[in-house]
Amino acid sequence: MFRNYVLWGIVLWLGATLLFRYLGHLLLGTWMSWVLFAAAVPLIYLCTALVYRWRNVPASDRLLCSCCIALPGMLLDIASLLLPGQVFPAIPEERIPVLAAWLLWAYSLIVLFGFPWRNALSARRRSIQ
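Counted from 1, the sequence shown has number 86 at position 54 by my numbering; the numbering is strictly sequential.
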């Protein structure tokens, strides 16, 4: 079951890596990087929520699924960030920390969107009443 989410994580990693390889110098400009950080929120929500809905993932399994989505990319990005000149030749060296920060932000969002927030909030409301 979780193999599909690992594969989805690899697809997302490959897409992001190719995007930054070819367009990173444009996306990581000083003002554009803020847009990139903001745009990550709805984009990653769509990439996770639609998969959960499509695969009918119960809320109780979403956190584990989100970890399965995020972990392959996190591991693969170790290599890509250790060799930025080869993997991201168009990105200036001084912008690599911004890329690393964005990647950490993106993986954090994937995991955060796996938390069963709606169920936790409804349980909290029920306990207050």
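The C-beta atom is built at its ideal place from N, Cα and C for all residues, glycine as well.
When you compare only the Cα positions, how much space is there between residue i and residue j?
i      : j      : result
Phe145 : Tyr77  : 7 Å
Asn88  : Arg94  : 10 Å
Phe120 : Trp86  : 33 Å
Leu107 : Leu50  : 16 Å
Trp45  : Val38  : 10 Å
Val83  : Pro74  : 14 Å
Ser140 : Trp149 : 15 Å
Using the rule of at least 16 other Cβ atoms within 10 Å of the residue's Cβ for burial, across every protein chain shown, is residue i buried or exposed?
i      : result
Gly47  : exposed
Phe102 : Sequence inspection shows Ala at residue 102; the Phe mentioned does not correspond to that position. Ala102 comes out buried.
Val67  : exposed
If we call anything under 8 Å between Cβ atoms a contact, is residue i one with residue j?
i      : j      : result
Leu55  : Met64  : no
Ala72  : Ala138 : yes
Leu115 : Ala132 : no
Phe34  : Cys97  : yes
Gly41  : Pro104 : yes
Val163 : Cys99  : Coverage of the chain is limited to positions 33 through 161, which leaves residue 163 absent and any answer about it impossible.
Out of the options, point me to the one whose CA is closest to residue i's CA.
i      : options                     : result
Pro124 : Leu141, Gly61, Val38        : Gly61
Arg53  : Thr80, Ala81, Ala122, Ser92 : Ala122
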